[in-house]
Every structure is written in structure tokens, then in C-alpha cells.
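Residue numbers (this note's numbering), protein chains in the order written: chain A, 840 to 1527; chain B, 56 to 503. Here the structure is laid out as C-alpha cells; the discussion comes afterwards.
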Amino acid sequence: MTEDVRVGVFVCDCGSNIAGVVNVPEVVEYSRGLKNVVFADEGKWSCSVDALSAMQESIKEHEINRVVIASCTPRTHEPLFKATVKGAGLNPYLLEFVSIREQVSWVHMNEPEVATEKAKDLVKMGVAKAILLEEGEEIRLPVGRECMIIGGGMAGMNAALNIADQGFNAIIVEKEPVLGGLLNRISTISHDREQIPASEIVKKRVELVEAHPNIKVYTGAEIESVKGYIGNYRVALKGNGNGSGPAFEVSTVIVATGMKEMEPAGQFEYGKDPRVITQLQLEDKLKNNDLGGIKNVVVINCVNSKNETRGCCSIGCPVSVKNALAIKEINSDINVHILYRDLSMIRQEGEALEKAKAAGIRFVRFPDDRYPDVMSDNGELGVRVYDVLIGRDFTMPSDLVVLTTGFMGDDTVDQIKGHLKVSSNADGFFQERHVKLGPLDFPADGISLCGCAKSPKTFKESCEEGIGAAMRVSIPMNKGFIEAEGIVADINLADCNACGLCYKRCPYNAIELDADKNPRVIKALCKGCGLCAADCPKECITIVHYSDEQILAQVEAALEENPAKKIIAFVCHWCALGGVDMAGVSRLQYPANARLIRVMCSARVSIRMVEHAFKLGAAGVLVAGCEFPTCHYITGNYAAETRLKRAKKKLARDGYDPEKLWNVWCSAADGPKFAKTMRDMVKALELE
Amino acid sequence: MSDSILVIGGGIAGINCALNAARYGTKVYLMDDTPSIGGMMARLDKTFPTNDCSICIEAPQMYEVDNESNIEILTNTEVRKVKKTAAGFEVRLIKKAKFIDEEKCTGCGACIEACPVSIPDEMDGKIGGTRKLIYMAFPQAVPNKAVLDPECRYGRMRENGSCVGGCVVDCSQCRECPIALCVKACQKEGKDAVRLWQANQNLNIDVKSIVVASGILSAEPPDGLYGYNQYANVITNLQFERLMNAGGPTAGQIIRPSDQKHAKKIGWIQCAGRGLTKGVPYCSKVCCMIAAKQVIITKEHDSSVETTIFYNDLKAYGKGFWGFYQKAVENGVRYVRARPYDAFEDPETRNIKIRYEDLDTGNLAEEEFEMLVLSTGLIASDRNERLAKVLNIELDELGFFREKSPMLAPLETNVEGIYLCGGATGPIDISESVVQACAASMKAILTA
Chain A
840 MTEDVRVGVF
850 VCDCGSNIAG
860 VVNVPEVVEY
870 SRGLKNVVFA
880 DEGKWSCSVD
890 ALSAMQESIK
900 EHEINRVVIA
910 SCTPRTHEPL
920 FKATVKGAGL
930 NPYLLEFVSI
940 REQVSWVHMN
950 EPEVATEKAK
960 DLVKMGVAKA
970 ILLEEGEEIR
980 LPVGRECMII
990 GGGMAGMNAA
1000 LNIADQGFNA
1010 IIVEKEPVLG
1020 GLLNRISTIS
1030 HDREQIPASE
1040 IVKKRVELVE
1050 AHPNIKVYTG
1060 AEIESVKGYI
1070 GNYRVALKGN
1080 GNGSGPAFEV
1090 STVIVATGMK
1100 EMEPAGQFEY
1110 GKDPRVITQL
1120 QLEDKLKNND
1130 LGGIKNVVVI
1140 NCVNSKNETR
1150 GCCSIGCPVS
1160 VKNALAIKEI
1170 NSDINVHILY
1180 RDLSMIRQEG
1190 EALEKAKAAG
1200 IRFVRFPDDR
1210 YPDVMSDNGE
1220 LGVRVYDVLI
1230 GRDFTMPSDL
1240 VVLTTGFMGD
1250 DTVDQIKGHL
1260 KVSSNADGFF
1270 QERHVKLGPL
1280 DFPADGISLC
1290 GCAKSPKTFK
1300 ESCEEGIGAA
1310 MRVSIPMNKG
1320 FIEAEGIVAD
1330 INLADCNACG
1340 LCYKRCPYNA
1350 IELDADKNPR
1360 VIKALCKGCG
1370 LCAADCPKEC
1380 ITIVHYSDEQ
1390 ILAQVEAALE
1400 ENPAKKIIAF
1410 VCHWCALGGV
1420 DMAGVSRLQY
1430 PANARLIRVM
1440 CSARVSIRMV
1450 EHAFKLGAAG
1460 VLVAGCEFPT
1470 CHYITGNYAA
1480 ETRLKRAKKK
1490 LARDGYDPEK
1500 LWNVWCSAAD
1510 GPKFAKTMRD
1520 MVKALELE
Chain B
56 MSDSILVIGG
66 GIAGINCALN
76 AARYGTKVYL
86 MDDTPSIGGM
96 MARLDKTFPT
106 NDCSICIEAP
116 QMYEVDNESN
126 IEILTNTEVR
136 KVKKTAAGFE
146 VRLIKKAKFI
156 DEEKCTGCGA
166 CIEACPVSIP
176 DEMDGKIGGT
186 RKLIYMAFPQ
196 AVPNKAVLDP
206 ECRYGRMREN
216 GSCVGGCVVD
226 CSQCRECPIA
236 LCVKACQKEG
246 KDAVRLWQAN
256 QNLNIDVKSI
266 VVASGILSAE
276 PPDGLYGYNQ
286 YANVITNLQF
296 ERLMNAGGPT
306 AGQIIRPSDQ
316 KHAKKIGWIQ
326 CAGRGLTKGV
336 PYCSKVCCMI
346 AAKQVIITKE
356 HDSSVETTIF
366 YNDLKAYGKG
376 FWGFYQKAVE
386 NGVRYVRARP
396 YDAFEDPETR
406 NIKIRYEDLD
416 TGNLAEEEFE
426 MLVLSTGLIA
436 SDRNERLAKV
446 LNIELDELGF
456 FREKSPMLAP
466 LETNVEGIYL
476 CGGATGPIDI
486 SESVVQACAA
496 SMKAILTA
């Protein structure tokens, strides 16, 4: 390094929160003696406005170009100090945060000397890393204002309208000859007490879409190929006949491919007897007001649902009640039985149930493991059902049997999965980024999903999802760019053997391969988890701000003295550090042997890092990540777990005791778990 | 015209609405009438159907809100007056005193340690949760500042030993109060952030649109229901959630309120109070999955605990929910389709005996549990009525905000420019709230 590295260390008292336990002046004095440290100071409240401006003054006055702040926790205060450093004219990535409150003073309250030693170690580790810090920068990727919406059903049309209303361009690609999707096959839709003919809704919505100057619609169109990523998708549609189809470029994509009803072929005489139909086929009859001269209708719910392979169809119960009422409305003399397992009628749907009962619709509950039999003999159609309430079988005559069947994703799902590099479940429903907090996103930026493409939804929910998905893709389109934090992967191609592992393993599709299979990081898409770097067999990937070199320097600094008494703990920034902080806030006391090294994801921790700690004589190594199934990087903790198993084997081969490598998957609420792990480890490693 | 929007309610719906709008480039006022954003989700242990830890996924979003320059967080704040104008809305807010100088407070907790009075925590009272009169809403609170209970400030806690009880002069010179322990503790830390004289603050803002994300409440059991008010070991499913939570009052120990012993046999009653005059009259849809989650977690804590769920109709309406139910069954949970009649306490063991009709067999049965959990359902927030009045929007007969046309104009109200999301619209789960939050933010932005 040619640059003159000048480290400044700022140690916070946090009133008496830190200074009441840790001998801060001693830590400051110790810091002054560390390599490259040109300035060290104590602050009563480092986060107070006056302290922050004093810090900026010191940075300028002493020409500090690396800053170490030893205070509370980076989870809450790192942005503040980053901004401060930036305000002093330094690159904010030249800051290293050391946590001596949550990790020291609050958890070793009764051992001031031990705590002070640990604080010194942590500062030393911080300085060791800081010396190696490099400038980072947020990486921007331009994003235009065109969005492709795959699927022109209700969700897709809502998405398109909301995008177009902002002045952006929406391109709908619909494989059917007309827009409207599943709604084209439905008679009426209802919610609470409102009921509207589906055709009316479709007509109005299609008019709006077709009249909108910012919406372009391709019907009867299928996708030939999609190349690129957010900001530069290149789409080609299949041609009609021999020629190639239209091609266009978009910046974002919304998947709104809807769902289809499952064919209950071979079940309940379906396909054999034309009087056995599905709910969608009934909708068709209701639309045409054509029930024929039927007298007895039997509806069987949960067909192909709630079994070993498939869950609740989500909408069958209210649909069966709605359609039963519609039958009664056409002819109140028709007997309608609904055979069900559980009636899933929520909120005001309960009123429809009451209304149905009042209209004379009969409800019969059958057992989960004993479905009704449909019998078609000599022209007679009958249904035998075991009524749970009465406790016996009985048979009812029927001239129409309606099967409320489950749903699955559209036929095009497999192709789209390939085009967009996204995944789906066994039923062809696309997998969202996060079940709870990422319901409209795919893992990769710039692609959203909505409506029944994800799972069966009600009409209202599909509309809301369409509008919501429009919002998700509009954020980068309105800003004109996406921005990634500077913590990203960087591949040194000199050592790369083009194995393609990084490309395959990246959860965000942020690595692409060129014609020679050389990987390239699309930095704006990289989230910096470090999974690729830790798995790279040639060790030619580095993560800015969490490089091998920097992390190994922390390990070395930690183990410089008394390594046999120390545990190196690699802790993920999200949940595990949350658990550490929670233990701190809760003032849970635990042994002070661990020296924590923060990584963004437990998947960043490579076997080399673990082995390096043992080589230097560490008593033990802990890898702490998010509690399953939570992971900020989707599945990083799973990857870490797999790797740790390999690490143990390698450690054994290399003559180290694999039992000294521990892991804990710890939620951000679980301070007690982290504290207990520390106690257990210290005991098992006989460090007491 | 103002380009800002106001989001009322800082739960998971409000947070997502605000984050989306702010990242789009819109200035957002995110308002909550409690001391911290986070809402119901911040109190939960896990979320179904994945058992993701609730605060683990919510706290990062809360910090993002805190660091987002386009969002102004207004906690402890209520809406007083809203006037619709041609350009949008003139809103008067009142920021209730926290009796803390938020600029100076660093959330260090010295004042909390110094406070001599512990009172039952609002949500965790029955299971032994307490807080001080000066307190932090919860450890991950945003903003991470202390708040002082006005009951203390106005001397209403003197009997409980509140330190200002020593104040005999009522001199109105709290500015230099030499008595209050929290003030002294804070001064000792060199901060002087406790402000016993702080007044409420009026705040006038202009916005182009408003999103109501006022959330939902877990229903309290009606009087006399399964002995909830009489017996210590009958609790609600929300209280059970707090028991499971490592960050809750028992540090995740599933122990009985009566004797702090680990409960080895626990029963859940679904649809508790449903159909009774004072009970929730409708299906809240999430309770079945909440119960499945709670038994799975209970079994994870201690697989020897016997768990029974008494239910009517199983609601497994969402993606992955059925598999989650099956997981509960695989874990050895007993599901009994039943209608429990009543509950009695054994005065010696404090166990709860219930009598029920097994709906599959028609048999009457009696069974004893060490703890009974009532799944009471979700009801409209008690703030809705006042909010509806101030905003001039309508409530439905259940107390939720009425959508203009749920199918044709979802999330819109009868006032143009006011939108809804999350629990404000009815019983809802987290992912649905997030979806609605995204949609509502889109509508709020598109408001001309």
C-alpha cells in the first residue's frame, strides 16, 4: 500500500453505559499504541451532535483516513457515523464499527478488567481491519421507464394501468386472443354483499387498457426469449408462422400469468359422465343462464385439495357458496347440497353462508379421509356421502355434480422460469422473494409478481396485487436507477477457472457468464452476502469491505495474545448480531472469551477463515447466522450450514478437533440463546 | 401543492407504505400514536407459515425507515383535524409529550434503571410483564428513545411509590426538578434529556393524500368466557405469543402465570367467544395458523408438552398453510373438532378443566389442562371511530374502514385522496398487509 494509512480511533463512554464498566481511558491509551493509529480520543456521547462535529474536526486536523468507532452497535448507529465520516470528506467505507457496549460493557458488567481487555482486543481487531479498508461506492445502474407485464388478466391489467398512469410505458403480453384472463370464464364475482357480473368488469377494464396511450397490448402472443436484467431486458415474442415476432426492450417485468383449474380426470366420474363438471364449467352455465331441467345439484369441495401433495385451494368455499346461491336464484326449487370438509368463510363471507342456509342450501360435512362417491349407473347419477354430523352414509340423487377443484400455475410457467431465472413450487406457482415481507417481489431486482401467478387469490386480492406490483417496479423506474451498497463481490479473473459455481449459486442472478464462461458481477444487483466468495474454489472472489484479507487480519489481531483462551465468533449482521444486541440490551451476562467478527451473512465465512483461526491456536470457532428459515439473503444460512459440515471434515483431516467448531442459528429476539451458546461453549471447551 | 403524503399508523402496513412511497421519491410523514413504530408485528414471536422470527424481519425495515431521508417519523402523535382542500389536505397533528428531549436521549436506559416503579405492561400484564414508568416501548424501538408515562408526571402514581411522589410543593418548576430519579440519572449520564415540563406540540402539515394503516387489535375475551377473568392460567393467544417470545416478559419460557411452572399440557380453544353477544361475530381467518404456529413452537421448546387444539373449521387459506398444519400434526398436536362449553379451575392445582362436545363423534367429554389459550380473533382498532370522524370517512358495521367499492376501487374510501391498507380494512395477515401497503402507496402517489 503506497498510501499513508492514518487511523483515528474514537471510543465512546456512552455516559456510564460503557465507561461504567470498561476503563475507557485505558482503551484509548492502548489504541494510541496500535499500528497506524495517529489519533485516539474518548467521547462522552459520540453520537451527540457536538461530538460528531468534533469528530469531523479531528479527522481533518489529523489527516485521518481510516476511522474506527468503538461504541454501541452498527445495527442502529452505523448509518449515522458513516454520514459523519462522509461529512468530513472521507469515503464512508473507510469506517470500521466496533461494538463495545452490546458486546462488552452490558454483558460483562461485573468483570471490569476482563471487559476492558476484551474492548482493547475488539478495537485492535477493528484497527487491523481498518488499515486494509478500501474506498467503496454505491453502484448505480440506469433504469428506463418501460415495463413488460406477462399476462393480461385482472392483476396484469391493473398493474399496466397504474404504471401507465404515471406516464411510463406498459407492454402487456397475453397468450390468449383477448384480455381478461380467468375472469372471462366467470359469471359473477362477489365480495361482502356486492355482486357484479364478471363480463362487466372485464369490459370496462379492457376499454381503459386499450384506450390508454401508454399501454401496448400483444394478444395471442408468447415469449420467445428474454435476455438481460433490470434496466436492459431484451424481449422477443414468438412469430406467427415462420417470421420472427416483435422484439422490444424494457427495464422491468411483472409476472401476472394467473392460474388454471385442475382437471379432475378420472375422479368422481368426471370425464365419463357429462353431468359431472367443475366450478368453472358451472360458471359457464350460470353465465348463459343455462342449467337445463336439473333438480338436484351436489357440490363436492376440496377436490384435489388439502391432501399430501396440495394445500387449500384458498377460494373454493366462498365460490361454492356463491354459485350455489346463483343456482337458487335461477330456480329456487333446485336442491343444492354442498359437501365439504372445513368451511373456510372469513369475515363477511359468513353472511353469505347464512344466506345460503336460509335459501335452503344444505351443507354436509364429510371426513377428511372419506370423500364422497359419485355413482353413475344406468343413467342415474348419485352421490354417497358419510355425514359426520349424523354419523352414517346416505345417498342423494343428483343430476349435476359440481367439483370444486384445486388450481395450478399456467402452462407457460416453466418457460417463464427459464426466461427470467425464477423458481416455482410443484404446482407451478411462482416463488416470491419472501413469504411475509416480499410478497410481490422475486429475488432479483426489477421483476415483480402478482395475483394468481403466486397462489390462488380472490378477485379483490388480485387487483390489489396488480396495483402493488406496479408500485414495486415503479420505484426504480421513477428514480431512473437502482443503487447497490458498496459491499459487493469482485472477481479476479486471473485465477478463475470458469467453473461457473458463482453464477449458479448467486441467489440474485447478479453474476453472468460470457461466451467463455468467464463470470462477471453485475454490481448493481449484488447484495454483498459473500456466498460466492466463500465457495469459490480458486478464492478469486473478494467482497468489498469484507475481504478475506480484512477478515483474516481481524482473526490474527484477536489471536495475537492468549489464543488458547479465545473463541473467534463470526456473526451475521442481521439476526445473529441482533441476538447479540438483544443479549446486551437485556444485560444477560456471559463469559467474555469470544471475539466477534461481523460478516453480512454467515455464508461469507469460508473454510479457510475457520481453519486460520485454529491454526493460530484459537480455543474454538463459532459461526452464528440467522435462525432458519429466516435469512436476509434468502438461503445464506443454509449454505453456511452445508459448508460447516464440510469444514468439520477438513478440520479433522488437517489434524484439528472438529468439535471445536460450533454454530448457532439465532433469531434477533433471542439474546438468551446467544448467551447460552457462549456459556455452553466455554464449558465444553474447558475455558472456565 | 404539497407532494407529501401522510401515513397513519406505523405497523408493518404503514412501514411498507412509507418505505415504498419514500423510495419512489415522495416525502412521507409516518405517524403512530404509540411511542415507537412496529405495531403488532413487533410483539409477535414468529410468523406463519415459515416460522420466521417476527422482529428479525421487521426490525431491519424499521431501521430503514429511521434512516430514510424522505420519511419523517412522528411517534406519540395523533390526528386532530383534517381539512380537505383543492390541493389535498391540511392536517393538524398533536405530538403528545414523551417528557423526553428526543434530540438528547440516546436510549441508554439509565433513567429506566433508576425508576423505582414497575407497573404491569399493557400487553403482557396477565403473564407477568412489567415496565417502568419511564420506559422503552420494546428493545428494538424506533425511535430508540425513552418515554415517560404521563401518569407519573401528573403525580397519579404517587401511591405506587413514584419518586415525584416525594414532591410536596407542586411548584410547576419541574424544569429543575431535584427529586425525580430519572431526571437525576439522566443528568448523571451528562445528558439531561428528561423533561418533566414538556408540553404537547401542535404540528400543521399539508399533504396531497393520506393512507390509513391504523392496524388491528387482538380481541379481549368477553366477560366470563372460559374463566379468562377469574383464572390465572387462562390466557389469550396474543399473551401466549408473548410467553413464547425470547424477547418477552418470560424470556421465552412457556410458564404458567399462577406459579411460573412450565406448562406440560396446554389446550387451545379456537373461535373463542365467536357467536356470543360480546364475542367476535366473524371468522378472523388467521387464528388457525396462529394456533398451528404456537403448538409447533411449543413443541420445539419442549417436545414432551401435550398440546390440543379445539377447533371448528380449519382455515388454511394461504400458500404453504396446509403444509404448516400438517407439520403441527406431525409434531404430535392433537386436533379435536369440538365445541367447548365451559372451563373450571381446580383451586389446588390451578389447572383448568373444560367440558366439550366432540363434533366428529357427538360425545361429551371432560379434560384438564395446565394452561388454556383462547384464540379470540381480530377486531377493529379502537382508534378507528375517532379517526373516521376526523377524516370524514366511513366505518363498516364491524368497525373497520369502509372501502368505496372493494372490488372496483379497492383500498379507496369515500373521500378522494384517502386510502386504506392492512388491518384498517379487516382481519388480515402480514403478507396481505404488505401487498395492500404497496398498492395504497401507489394510489397515494398517483393522487393528483
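Built from N, CA and C at the ideal position, the CB exists for glycine as well.
Q506(B) to I1229(A), Cα distance in whole Å? Because residue 506(B) is not part of the residues shown, which for chain B are 56 to 503, the question remains open.
Own chain partners of D58(B) with C-beta closer than 7 Å, once the 5 adjacent residues on each side are dropped: As a first step, residue 58(B) is located in the second sequence; it is residue number 3 there, counting from the start. Answer for D58(B): T81, K82 and K263, listed in chain order.
From this set, I970(A), G1189(A), T1058(A) and K1522(A), which residue's C-alpha is nearest E935(A)'s C-alpha? Translated into the one-based positions of the first sequence, residue 935(A) becomes position 96. Answer by Cα proximity: I970(A).
Would you please state the rounded distance, in angstroms, between the beta carbons of A240(B) and E168(B)? I believe it to be under 8 Å. Here residue 240(B) corresponds to residue number 185 of the second sequence, with the count starting at 1. Here residue 168(B) corresponds to residue number 113 of the second sequence, with the count starting at 1. Confirmed, Cβ separation roughly 7 Å.
Does the region 96 to 115 of chain B come into contact with the region 1247 to 1264 of chain A, if we say contact requires no fewer than three beta-carbon pairs (one atom in each stretch) closer than 8 Å? No, the region 96 to 115 of chain B does not touch the region 1247 to 1264 of chain A.
Residues bridged to R273(B) by DSSP? Numbered from 1 along the second sequence, position 218 holds the residue referred to as residue 273(B). The residue you asked about is not Arg; residue 273(B) is Ser in the sequence shown. L433(B).
Looking only at its chain, what residues have a beta carbon closer than 6 Å to the beta carbon of N1135(A), apart from the 5 residues adjacent to it on each side? Here the question's residue 1135(A) lines up with position 296 in the first sequence. The answer, listed in chain order, is N1174, P1236, S1237 and D1238.
Give me the residue from T1234(A), L1125(A) and K1296(A) with the minimum Cα distance to E1168(A). The sequence position of residue 1168(A) within the first sequence is 329, counting from 1. Checked all of T1234(A), L1125(A) and K1296(A); the closest Cα to E1168(A) is L1125(A).
Excluding sequence positions up to five away, which residues of its chain have a Cβ less than 6 Å from the Cβ of K370(B)? Against the second sequence, residue 370(B) aligns to sequence position 315. Cβ-Cβ distances below 6 Å link K370(B) to K340 and C343 in the same chain, with the five nearest sequence neighbours on each side left out; the list follows chain order.
So, for R1426(A): in the same chain, excluding its five sequence neighbours on each side, which residues have a beta-carbon less than 8 Å away from its beta-carbon? As a working mapping, residue 1426(A) is identified with position 587 in the first sequence. W945, V946 and M948, listed in sequence order.
Can the beta-carbon of D1226(A) be found closer than 7 Å to that of V1203(A)? As a first step, residue 1226(A) is located in the first sequence; it is residue number 387 there, counting from the start. As a first step, residue 1203(A) is located in the first sequence; it is residue number 364 there, counting from the start. Closer than 7 Å, so yes.
Which of helix, strand or coil does DSSP assign to W1504(A)? Residue numbering aside, residue 1504(A) sits at position 665 when the first sequence is read from its first letter. The answer is strand: DSSP assigns W1504(A) an E or B state.
Endpoints, beta strand (DSSP E) assigned at Y1057(A): Position 218 of the first sequence, counted from the first residue, corresponds to residue 1057(A). Element bounds for Y1057(A): I1054 to Y1057.
Could you compute how far the alpha carbon of I352(B) sits from the alpha carbon of G270(B)? Position 297 of the second sequence holds residue 352(B). Position 215 of the second sequence holds residue 270(B). Roughly 25 Å separates the two Cα atoms.
Mind pulling the alpha helix (DSSP H) runs of 4 or more residues that sit fully within the region 970 to 1033 of chain A? If we require 4 residues or more, the alpha helix (DSSP H) runs fully inside the region 970 to 1033 of chain A come out as 993 to 1003.
Rounded to whole angstroms, how far is the Cβ of I815(A) from the Cβ of A1323(A), which I believe are closer than 8 Å? Given a span of 840 to 1527 for chain A in the structure shown, any question on residue 815(A) remains unanswerable.
Pairs of beta-carbons, one from the region 1097 to 1106 of chain A and one from the region 1036 to 1051 of chain A, closer than 8 Å: are there three or more? They do not touch, by the three-pair rule.
Below-7 Å beta-carbon distance, T1469(A) vs any chain B residue: If you number the first sequence from 1, residue 1469(A) lands on position 630. At a cut-off of 7 Å, the C-beta of T1469(A) has a neighbouring C-beta in chain B.
At the 7 Å Cβ level, is W323(B) part of the contact set with chain A, yes or no? The count along the second sequence starts at 1 and reaches residue 323(B) at position 268. False, the Cβ-Cβ gap to chain A never drops below 7 Å.
The region 133 to 153 of chain B: positions lying closer than 9 Å to chain A by Cβ: Cβ contacts with chain A: none found.
7 Å Cβ cutoff, G995(A) in contact with chain B: Here residue 995(A) refers to the residue found at position 156 when the first sequence is read from its first residue. Not one chain B Cβ lies under 7 Å of G995(A).
Helix, strand or coil, according to DSSP, for G1132(A) in the structure here? Along the first sequence, read from residue 1 onward, the residue named residue 1132(A) stands at position 293. Coil at G1132(A), not helix or strand.
Under the assumption that A1514(A) contacts Y1385(A) (Cβ atoms under 8 Å), give the Cβ distance between them as a whole number of angstroms. Position 675 of the first sequence, counting from 1, holds the residue named residue 1514(A). Position 546 of the first sequence, counting from 1, holds the residue named residue 1385(A). About 26 Å; that fails the 8 Å criterion.
Can you tell me where the alpha helix (DSSP H) holding P913(A) begins and where it ends? In the first sequence, counting from the first residue as 1, residue 913(A) sits at position 74. According to the DSSP assignment, P913(A) belongs to the alpha helix (DSSP H) that extends over P913 to G926.
Buried or exposed for E1046(A), please, with buried defined as at least 16 other CB atoms from any protein chain shown within 10 angstroms of its CB. In the first sequence, counting from the first residue as 1, residue 1046(A) sits at position 207. The residue is exposed, with fewer than 16 neighbouring Cβ atoms inside 10 Å.
Less than 7 Å between CB atoms is the rule here; does T102(B) satisfy it with respect to chain A? Looking up residue 102(B) in the second sequence gives position 47. In terms of beta-carbon proximity, T102(B) lines the interface with chain A, with at least one pair separated by less than 7 Å.
Any C-beta of chain A under 7 Å from that of G302(B): Against the second sequence, residue 302(B) aligns to sequence position 247. Taking Cβ atoms only, chain A reaches closer than 7 Å to G302(B), which makes this a yes.
If we ignore side chains and look at the alpha-carbon of each, how far apart do F144(B) and T105(B) end up? Here residue 144(B) corresponds to residue number 89 of the second sequence, with the count starting at 1. Here residue 105(B) corresponds to residue number 50 of the second sequence, with the count starting at 1. Each residue's alpha carbon lies about 41 Å from the other.
Which same chain residues, not among the five before or five after P981(A), have their C-beta less than 6 Å away from its C-beta? Walking along the first sequence from the start, residue 981(A) turns up at place 142. Non-local C-beta neighbours of P981(A) in its own chain, meaning closer than 6 Å and more than five positions away in sequence, comprise G1070 and F1320, ordered along the chain.
List, in chain order, every chain B residue whose beta-carbon is nearer than 7 Å to that of P918(A). Within the first sequence, numbered from 1, the residue matching residue 918(A) stands at position 79. Going along chain B in sequence order, the residues near P918(A) (Cβ under 7 Å) are N122.
Can you find a C-beta in chain A that's less than 7 Å from the C-beta of L501(B)? In the second sequence, counting from the first residue as 1, residue 501(B) sits at position 446. Among the residues facing chain A, L501(B) is included, as its CB has a counterpart in that chain under 7 Å away.
Along the chain, where does the alpha helix (DSSP H) containing D1519(A) start, and where does it finish? Walking along the first sequence from the start, residue 1519(A) turns up at place 680. Counting along the chain, D1519(A) sits inside the alpha helix (DSSP H) bounded by residues G1510 to A1523.
Can you give, in chain order, each stretch of the beta strand (DSSP E) that sits fully within the region 61 to 113 of chain B and has at least 3 residues? Listed in chain order, the complete beta strand (DSSP E) runs (minimum 3 residues) inside the region 61 to 113 of chain B are 83 to 86.
Beta-carbon contacts of C237(B) that lie in its chain and below 6 Å, excluding the five residues immediately before and after: Mapped onto the second sequence, residue 237(B) falls at position 182. If the five residues before and after C237(B) are omitted, its C-beta is found closer than 6 Å to the C-beta atoms of C166, A169, C170, I189 and V249, all from its own chain and listed in chain order.
Tell me the DSSP secondary structure of M840(A) in three-state form. In the first sequence, counting from the first residue as 1, residue 840(A) sits at position 1. Since pLDDT at M840(A) reaches only 47, below the 50 mark, its modelled position is unreliable, and the value read off the structure follows with that caveat. It is coil, neither helix nor strand.
Start and end of the beta strand (DSSP E) containing C207(B)? Looking up residue 207(B) in the second sequence gives position 152. Under the DSSP assignment, C207(B) falls outside any beta strand (DSSP E), being part of the alpha helix (DSSP H) whose first and last residues are P205 to R208.
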